[in-house]
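The structure appears right after this line, and notes come after that.
Chains as they are written, first to last, in the working numbering: chain A, 55 to 383; chain B, 819 to 1964; chain C, 99 to 477; chain D, 63 to 253.
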């Protein structure tokens, strides 16, 4: 299995560990990643706030770079914001020939062109659909038995494009988490909004939304995320939220590939666990992580086997939003 | 028993199918009615009550004339008509030929229980181990794998759910009549070949299959080996691995199918080669399984193939026409986003399921309790537009009937709880678009306290405290609201029924964007395919009366095709049976069913014989085994020919089930049907004996009671008057009053069937409102329709046109009316006719509201349409156009929605937008009544930038005019919370429709008007174009506000109803009918008031009371109120009843 | 004009009424007056149809007895429309019976001017016969009028239990109670027709005296008390099939009660039709089952049928009891049952000609249910 | 309050003539059912509900719309788009407002527009986002001395984890200059 890889700016900065863990996990799962050469910012949510064409061009540039590589593979994106931006750009360009022409005109400045044929895939989509829980279960070296994990999806990998999961009641993480031996927290906050950039622009509102998620994860040991923005909001503002509301305790927040990586016995250091802002002592103890984060102290004796009778594949992708019909006149 | 040649085959036995079938049968056609379900009645079989009566009236569809041709019983129990054969669980599998000569191939799935043998005793149900959700009750109750589909159905009562059945076999020995066949032997023989290069796959598959009872399984490790085996044995099913060395699976498939195309093959594939497997389906593979697969899934598929092979019975018939009446199916709210937690939240159900909650045979026997936990219901919320009016799920249409269903359900819930239950309906537009809908809504809201909240609920979650459903919605006040209720009812919309796609392919009938069948412009009952007609909700979700009107129109079109193709309709005049002289002494043959020997074992038959023959009227007593089956009716027929009785007494179980037999027996022996009676023996199974699992049968009646029942039967027969009912001659000609859309359609329909028509029109031209209508919402030009109708009417040899004539007087009754018409010069003429169709039309209502008449920029929608038609409307000159809806409508003074105004306003708005995209259009409305597929034009109008502003009748928009030609409207926008001033170049008022049916004219024919001045139907739902007086019909705007297409359909429906009468030389209502003993009658006339059918009157000349035999329905109300003993009901006379009572207490 | 007075001379109230009748008969539009009276040389009181004003001397408008309920006789006079009308002096119970018959289209109300008076009650036929035989002829008349509540116990039981002694529904009501009948009687118009007649008689208008209401109330209260105790006794006497058998033990199927009943309007009773000409085998079969049956059969059945048919129309005139040769108290049972059946339909026989008899029509909401049709009847 | 109805945008209107045109185009089919409002996680913090805002869009009430901060509170969670029964995309329409505000340099939306502008400038220069540089620029623009303090602890934490590199000055021409310039040229806009 092979994918083109677009890490995005956050994964070079605040979400370095997401990048590290993704690479380490996929390597362990024998998936080859080819990073798109000379990639630049996708435009994030800011570019559309300035100009539509600029947004298309910034994202389009990266898509064009990906298309230019010789490798015929899907473009894997771990950052939900980048994923949505790139995905939306592809969809827009496919649907709007004028936008396609304009974008190509801009990209021509850099000698690039785009066809819109490339498929943009979220990391969670690849993990849940292409690899599936069985790929994890078969390689578990360190069972996370008794650990309760709250799967937190955030918005932009689910909406507005319901590609691989139910945008309102998502479940794609659950099989993966169970494959590690961990339990899945039953909650309804998985697809709720964390407040996104409100943390910068409307801090009160941002804290309220993130606070609600943290509060609902009370009974979980870990919150698993698949988006740098969500991760930062949940781990970086935990203390401020607790101070403000007068309740709430420190909660371990991990990127999903980190959690899966631990179960596969990948050394914490390779998963960038030291870079996380919220990893509780209890959690460290649970996974028997030693101080220098390099070794797992003991291998768990149990091996988890694939449940019998289940095929590879996982859930059917949820069908795309269908086009609306109108009666013949 | 079934015929081979039919005039028509009707696919779908819901109410529309039944209506079409009855209409055709009543005009002399032989009809085959099929349904994929095991019972007739369709969706309506699950709805106990309909508004506005809040009761059921399905039986009102039954014939009122020649009633003896059908069984006058509850249609929920069964459907019997001498010209209609019903095949349950049957689908169309092939169709060729054309109008007049269709070859129809049908596929009937046997349900495991022989309906001829099943007596509905229920013994099987007690031993069946499979507990599954009951489909009929929407899964709110449990059933067994072998179960009754419809709790109250009499025929074909039990079926086996093949998918759920475990084939444990427990039910087979316990069935006392041996009606159950699980096909074990055929399963053993069923030949399966597994082809896979992996030994482990071959072995495990074989083992699983053997365990499932498939004993004839062979395996092959390569394509070549498989081909050898195929030559040697008759393999029915192949399971083929896609990827094999040498010949691969697809090659094998092709070769295996080459000489045996009916061989079934299923491909087995790894995930990687799914594409190949999909490809293989093009080469004839049925399906594919992805390895590693679940044994259960594999076995389910094999079972399915097996069932399809063994339990399907093919049948070929011919038909002159085909009517598609497959109806619609409920949207599954669990589909897609499912924000309301359907299927996950226990207290969220569909409106159809709530119908079951209300039903006496529902999960809680009609008690108003929550299905999941039995908690008494105190707060119920209905959520409208679930699966409708939702572009996200390709449903840019309105399902039309959900608003009224919810209102009705809320009222029924109120009824059940003595108004204690709190009911709230969350809606977007309350679409009360029919004649009686608005008053019903008003009553529900104002008198019954049903809360109507204009809001779309966003989500349903469980309350953290109680677990009860918690609704979240944004109120009109701009605030978020939460409401906790006990039960959420989702007013789920509708989708085409599942077989629509296949039917479209087989019949070549086109479908629309949403998968419903597409009718032809102005011809709701015509499909795009010749000879294929459309009835009911298969074209659009519709309410009962629209479905029935369209069904009658479809019957008319089918009849027309039959006539055109030279089909002879075989209508027998009068009863086939020869009469019995009134004074002939009764000779009764008593035939008693021994029902699989049960009677002879447990009864002293000698005693029964001596008891019966003590009365010399009983000439012979005959014991016959299985009178319910062909085995029993043979000996009985022979005995009748031998003994020549003039009365027949039968004792058997379930009298209704024998109605078809009885009719056939009457035809073959000449013994009139009304001189046969069937006594219910109430057969039930015994408890199994200790040494066996088998049950036998016994009658539930004690010896004395059985004897008394038989004696009652004898008493009944002895006193039955053998005189045949009176018949009245028919003037086989029609009078149609009004030459608009509906009138012309009605006239042409009747004339095309060969009967003369007098068409009377007040004006000097035909066409009515067609003259000024320019185009329809759908964009069809109106002029060509008018020209075509005009030509056809004028040139039709059977139509006599009376232009500029008015009806000045009329007398008579069904079959013989005399109408005096007068022309402008005052010359009169008397027309004689057997039926009358009132198609006097309607007009745009007049108004003085909003300054109408004071300013030339204030016009009505009709005026705008005229301007558009004449080219006067200069859209380019207008910057702003405003429209006000519901002017003078939906108010207590005119309490109905005119239904055409919203489509007209939007039609005009779209037209103006097209001509001048810059024109701003504001439509001020109360509820946007864009029902059905017209909803998409509402969306289109919104998309085109038309601004819709809601107003409340309590706060009407203000209008001011200025001399510069500008009309200023002031209205408050409730959402934006701003007062708007709209300066418009044109203000268009939608004043609605008023009927033009003078009460005096209606009274000539015994018809009455409703509160809106429209023709009062006999029943707004079930007899939508019939007057209370038989022989008088209405259509078009005189009947109700209608579109052109609806008026055309109503015209045809009225014609079809009229043809039932015209096709007879003489008329009879059938048995029983009322009569008058003049010697006793003192003319107190209580019976006239009591007669609900208007069949009784005083002949003033003769000073005596007369009964119209064609109109009397034999209800007996007259006999009940008559104190003189003068009003009597033939066949239920006082002497007869007294004799039966004496026999009963003997 | 609403109310007028008629002067009473010599304390002869009846004569004052005769004067009134004379004036009415003198009107153009009135052909004849029907009034109780005695044929010369006879003791029995019968309705007389009088055309010649001189014959009014034979009339006895306040007769203390009525051998038959005259309602059916009024029907004979009003079956179809005639050019002129008749006037009829009727007792309140006769008026009520006539109104019931009008509802059943047996007579035309507008064809008759009804003159009624406060009814002190009447003697049973047998007692009246005895009284007149004793020669106390005139005394029976005058005493009865002057002392309306005297000798209550000898009045007919039906009259003593009659809580409607006022001539409700009459065009003209002759008022005796609360009026000084030594000097005058008052005539009150109760309908438009009544008022028209009064207008043309040229009599002195006067209001009704205040004390009248109290006087009426006293009478009604007394009779209601009697009625209720009669109901209780009768109910107790007939509360089982055995007791009912006993109650009607003397019945000989003479059907006199049916003939005497004013509201039994059938041309021929169903019990006189061949429906009850049973097969001899039938009698034998009945006695075979029961061991013994009373002959004639169908007596209880007959009375029950009459109750079923007529109790909602029963006006309580008591003629059934009057007519019984074997002194069966038919009236008490009929009234007891009728009281309940009429209450069940919120109906009162003879109260109002516009009121529809129970069970004769469907109310709109019953209609759809019963007949399966939704039909708005013309208003 | 009573004002004459504003003229509506139509397809031919240019963006300059009617800045609302594009949002109107997007939201015309709205039937004011309120599903968006009820689904919005930020609705409680908004001065106008989304439904109210769309109605103002349909009625063309510019002044009321741009008195409101509603669209700045959209966190682009797309719940409303998921559920809109008309199949509209209110989330994207909100983003469109942000653009209008940014283009129009509307002072009242300083927080939002400055953030976008600083972000894009950062990208223009560096190609990939320099998070620390962005925040510094943003805080400077906002000219609110207390603002940086709210992020101080987080900033320190991030730095201690070496997650944010110190601002490095990129030499030479901005990385994406050509691309940006072309866009500006094509849009004929000084942005």
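From the three backbone atoms N, C-alpha and C, an ideal C-beta is built for every residue, glycine too.
Remember, it's a predicted structure, so these values are computed and weren't measured experimentally.
Can you tell me whether residue 426 of chain C is buried or exposed, with buried defined as 16 or more other CB within 10 angstroms of its CB? The residue labelled residue 426 of chain C in the question sits at position 328 within the third chain. By the neighbour-count rule (16 or more Cβ atoms within 10 Å), residue 426 of chain C is buried.
According to DSSP, is residue 1392 of chain B helix, strand or coil? Counting from 1 along the second chain, the entry for residue 1392 of chain B is found at position 574. Bear in mind that the predicted position of residue 1392 of chain B carries a pLDDT of just 44, short of 50, making it unreliable; the figure below should be weighed with that in mind. In this structure, residue 1392 of chain B counts as coil in the three-state DSSP scheme.
Cβ-based neighbour list, residue 118 of chain C, same chain, cut-off 6 angstroms, excluding 5 preceding and 5 following: Walking along the third chain from the start, residue 118 of chain C turns up at place 20. Cβ neighbours of residue 118 of chain C beyond the five flanking positions: 104.
Relative to the C-alpha of residue 1433 of chain B, which residue among C/383, C/407, C/374 is closest? Taking the first residue of the second chain as position 1, residue 1433 of chain B is located at position 615. Per the Cα distances, C/383.
According to DSSP, is residue 899 of chain B helix, strand or coil? On the second chain, position 81 is the one that residue 899 of chain B refers to. DSSP places residue 899 of chain B in strand when its eight states are reduced to three.
Give me the subset of the segment 83-117 of chain D whose CB atoms are less than 8 angstroms from a CB atom of chain A, sorted by chain position. 103, 104, 107
Any chain F beta carbon closer than 7 angstroms to residue 103 of chain A: Any reference to chain F falls outside this structure, whose protein chains are A, B, C and D.
Mapping the DSSP letters down to three states, classify residue 1640 of chain B as helix, strand or coil. Residue numbering aside, residue 1640 of chain B sits at position 822 when the second chain is read from its first letter. Strand at residue 1640 of chain B.
Hey, which unbroken runs of the alpha helix (DSSP H) at 4 residues or more fall wholly within the segment 373-445 of chain C? 378-388, 397-408, 417-421, 428-442
Separation of residue 1620 of chain B from residue 1536 of chain B, as counted between CA atoms: Your numbering for residue 1536 of chain B matches position 718 in the second chain. Your numbering for residue 1620 of chain B matches position 802 in the second chain. Their Cα atoms are separated by approximately 55 angstroms.
Does DSSP put residue 1132 of chain B in a helix, a strand or coil? For this step, residue 1132 of chain B is matched to residue 314 along the second chain. It is a strand residue.
Expressed to the nearest angstrom, what Euclidean distance is found between the alpha-carbon atoms of residue 282 of chain C and residue 111 of chain C? On the third chain, position 184 is the one that residue 282 of chain C refers to. On the third chain, position 13 is the one that residue 111 of chain C refers to. Cα to Cα, residue 282 of chain C sits roughly 8 angstroms from residue 111 of chain C.
Starting from residue 1788 of chain B, trace the beta strand (DSSP E) both ways and give me its first and last residue. Taking the second chain and counting its residues from 1, the one referred to as residue 1788 of chain B is at position 970. From DSSP, the beta strand (DSSP E) with residue 1788 of chain B extends over 1785-1791.
Out of B/1585, B/1229, B/1216, B/1235, which one is the CA nearest neighbour of residue 1247 of chain B? Here the question's residue 1247 of chain B lines up with position 429 in the second chain. Among B/1585, B/1229, B/1216, B/1235, the Cα nearest to that of residue 1247 of chain B is on B/1216.
Compare the beta carbon distance of residue 1050 of chain B and residue 1011 of chain B with 7 angstroms and say whether it is the shorter of the two. Residue mapping note: residue 1050 of chain B aligns to position 232 of the second chain, counting from 1. Residue mapping note: residue 1011 of chain B aligns to position 193 of the second chain, counting from 1. The answer is no: Cβ separation not under 7 angstroms.
So for residue 962 of chain B, helix, strand or coil by DSSP? Position 144 of the second chain, counting from 1, holds the residue named residue 962 of chain B. Strand at residue 962 of chain B.
Over what stretch of residues does the alpha helix (DSSP H) that includes residue 322 of chain C continue unbroken? Against the third chain, residue 322 of chain C aligns to sequence position 224. Residues 310-335.
Bridge partners for residue 1620 of chain B per DSSP, in chain order? What you label residue 1620 of chain B is simply residue 802 of the second chain in a count that begins at 1. B/1578, per the DSSP bridge assignment.
Rounded to whole angstroms, what is the Cα-Cα separation between residue 1279 of chain B and residue 1321 of chain B? Translated into the one-based positions of the second chain, residue 1279 of chain B becomes position 461. Translated into the one-based positions of the second chain, residue 1321 of chain B becomes position 503. Rounded to the nearest angstrom, the two C-alpha atoms are 40 angstroms apart.
Under a CB-based cut-off of 7 angstroms, is residue 187 of chain D close to chain A? As a working mapping, residue 187 of chain D is identified with position 125 in the fourth chain. So no, residue 187 of chain D is outside the interface.
What is the C-beta distance between residue 189 of chain C and residue 217 of chain C, in whole angstroms, given that I count them as a contact (C-beta under 8 angstroms)? For the purposes of this step, residue 189 of chain C is identified with residue 91 of the third chain, where counting begins at 1. For the purposes of this step, residue 217 of chain C is identified with residue 119 of the third chain, where counting begins at 1. With 8 angstroms as the limit, residue 189 of chain C and residue 217 of chain C qualify as a contact, their Cβ atoms being about 5 angstroms apart.
At a CB-CB cut-off below 7 angstroms, which residues of chain A make contact with residue 190 of chain D? In the fourth chain, the residue the question calls residue 190 of chain D occupies position 128. The answer, in chain order, is 63, 66, 94, 95.
So, helix, strand or coil for residue 1200 of chain B, using DSSP? As a position in the second chain, residue 1200 of chain B is number 382, starting the count at 1. Strand.
Nearest-angstrom Cβ-Cβ length linking residue 1136 of chain B and residue 921 of chain B, presumed shorter than 8 angstroms: Position 318 of the second chain, counted from the first residue, corresponds to residue 1136 of chain B. Position 103 of the second chain, counted from the first residue, corresponds to residue 921 of chain B. 6 angstroms between Cβ atoms; contact.
Flag this pair as touching only if the segment 1651-1659 of chain B and the segment 1689-1708 of chain B have three or more C-beta atom pairs under 8 angstroms; answer yes or no. no
Quick check on the DSSP output: what are the complete alpha helix (DSSP H) runs of length 4 or more inside the segment 60-104 of chain A, in order along the chain? 70-82
Need the endpoints of the alpha helix (DSSP H) that residue 1073 of chain B sits in, please. Working through the second chain from its first residue, we reach residue 1073 of chain B at position 255. Residues 1067-1077.
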